[in-house]
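In order, the protein sequence lines correspond to chains A and B.
When you line the first sequence up against the numbering used here, it's residues 32 to 146, in that order.
When you line the second sequence up against the numbering used here, it's residues 481 to 595, in that order.
Beneath this line is the structure, given in structure tokens, with notes to follow.
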Amino acid sequence: DAMVIQNPRYQVTQFGKPVTLSCSQTLNHNVMYWYQQKSSQAPKLLFHYYDKDFNNEADTPDNFQSRRPNTSFCFLDIRSPGLGDAAMYLCATSDPWGASSYEQYFGPGTRLTVT
Amino acid sequence: AQSVAQPEDQVNVAEGNPLTVKCTYSVSGNPYLFWYVQYPNRGLQFLLKYITGDNLVKGSYGFEAEFNKSQTSFHLKKPSALVSDSALYFCAVRGPNTGGFKTIFGAGTRLFVKA
């Protein structure tokens, strides 16, 4: 049973055309993360939410925004995608207070292509 | 600065032989250490973690890892490799000063198991 779901799995967008990636979870976890991963490199944290509290990484470009309307859903908005934004985008969750309180649960990722 | 190092880009091993994927860390305070595995075009999957207690931790799919505080290492091991273990492996660390719920990932080690 999928616990962290990302849609779509593959997204093609044009240079400069806004795009939104979505993530949903059935785990009821407080914390949700967005990572960017390029070419099998280490995932790079863009931002995370603890409940509705948004935490942006200092080096995340302004071009990347996020929304979390409720516990289950989180969105990544790329306002004006550039060729350098082509990557795999990973959503993850964690539950700071549960039995598995330290590890993260990842979705399958959305591979973004910018043409 | 908090960091994780995986000194090998790639590890090659024959099926049935033991495997080791190396990881060293630099975190002030007591670290929380993790191993994740990533198969092609998939998200990361949690394998095992060290939080406290026994230095030898066992995880999924027959993997284990040993926490060595004096050497600041957390090497991943498996007594007998399978072809299906071929994947990208990430060591990760959280600590008191890594920033809230933030996890720092190593650069990854690609494991090839040859039949």
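The C-beta atom is built at its ideal place from N, Cα and C for all residues, glycine as well.
Model, not experiment: these values are computed from the prediction.
- With three or more CB-CB distances shorter than 8 angstroms, the region 108-124 of chain A counts as touching the region 61-71 of chain A.
- Annotated as proximal: Tyr-505 of chain B and Thr-552 of chain B, with beta-carbon spacing under 9 angstroms.
- The beta carbon of Lys-529 of chain B sits closer than 6 angstroms to those of Phe-514, all from its chain and outside the five residues before and after it, given in chain order.
- Taking C-beta atoms as the reference points, Val-501 of chain B and Leu-562 of chain B fail to come closer than 9 angstroms.
- Ile-36 of chain A places its beta carbon 9 angstroms or farther from that of Gly-140 of chain A.
- Between the alpha carbons of Phe-581 of chain B and Asp-489 of chain B lies a gap of roughly 27 angstroms.
- Within the model, the alpha-carbon separation for Leu-568 of chain B versus Phe-46 of chain A is close to 30 angstroms.
- Looking from the CA of Gln-486 of chain B, the closest CA among B:Ala-595, B:Val-593, B:Phe-585 belongs to B:Phe-585.
- Residues of chain A whose Cβ lies closer than 8 angstroms to the Cβ of Ala-587 of chain B are, in chain order, Gln-72, Ala-73.
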